[in-house]
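*Asks:*
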Amino acid sequence: MINILSGQSFTTFAEEYISKPSFLIVNIHLNKIIMKNLVFAIVASMLLLSVSCSKSTTDPPAPVNNYTIKYSAESTGNVLLDTIMYLDENGSEQYKYNLQKFDLSFEQPSNNYHGKILIKGKIINGSCNYGLYIMDKDGGIVQVKSDGTSSSITSYFQFSAEFSESSN
308 MINILSGQSF
318 TTFAEEYISK
328 PSFLIVNIHL
338 NKIIMKNLVF
348 AIVASMLLLS
358 VSCSKSTTDP
368 PAPVNNYTIK
378 YSAESTGNVL
388 LDTIMYLDEN
398 GSEQYKYNLQ
408 KFDLSFEQPS
418 NNYHGKILIK
428 GKIINGSCNY
438 GLYIMDKDGG
448 IVQVKSDGTS
458 SSITSYFQFS
468 AEFSESSN
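The opening position of the sequence shown corresponds to residue 308 in the numbering used here, with each subsequent residue numbered one higher.
#1: In whole angstroms, what separates the C-alpha of K444 from that of Y374?
#2: So, with DSSP's three-state summary, where would you put N418?
#3: Assign K403 to one of three DSSP states: helix, strand, or coil.
#4: Would you call the segment 435-444 in contact with the segment 365-385, where contact means no fewer than 3 C-beta pairs closer than 8 Å?
#5: List the DSSP bridge partners of E469.
#6: Could you check if A468 is buried or exposed, using at least 16 other CB atoms within 10 Å of its CB as the buried criterion?
#7: Where does I448 land, buried or exposed, given buried means 16+ other C-beta within 10 angstroms?
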């Protein structure tokens, strides 16, 4: 209490009161409580912020493996592959003419691939094996269409195959 009648000013009273040891102990105790609460609030805020920032609202898409698209035409003897039409890795039609052998492989995503081939040829005396193969990353066959032709007399053959997968 301030004793106004004694003529003591508030400033003098405050200076005397603050200089007492009991005030310093109370002040130190209050400062410790305030600091503990402040540290707790900072740590809690940082923890809450880091949890909310690292939490994703959508799951990442599943990884997509590639498939190998393989075209093959191999001949022995007197064989001519007159025309080969195939789709390249970009889906564009390509043409090759007058070959003895054709072998091409490329990769496309397993959820969006397209392989297509057309072979026209002539066998005078020999054989030819041809195919379209779709293989997984371990070399396992996913899809295949293959065939072969052989002849000792002049004959003509044609082979076509197409496989595709498209997901949007």
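The C-beta atom is built at its ideal place from N, Cα and C for all residues, glycine as well.
*Replies:* With the given structure in hand:
#1: Start at 1 with the first residue of the sequence shown, and residue 444 comes out as number 137. Start at 1 with the first residue of the sequence shown, and residue 374 comes out as number 67. CA-CA distance, K444 to Y374, rounds to 6 Å.
#2: Taking the sequence shown and counting its residues from 1, one reaches residue 418 at position 111. Note: N418 maps to coil in three-state DSSP.
#3: Within the sequence shown, numbered from 1, the residue matching residue 403 stands at position 96. Judged by DSSP in its simplified three-state form, K403 adopts strand.
#4: As far as the Cβ criterion goes, the segment 435-444 touches the segment 365-385, which means the pair count is three or higher.
#5: The residue you call residue 469 lines up with position 162 of the sequence shown. K423.
#6: Taking the sequence shown and counting its residues from 1, one reaches residue 468 at position 161. It is buried - the Cβ of A468 has at least 16 other Cβ atoms within 10 Å.
#7: As a first step, residue 448 is located in the sequence shown; it is residue number 141 there, counting from the start. I448 counts as exposed, since fewer than 16 other C-beta atoms from the protein chains shown sit within 10 angstroms of its C-beta.
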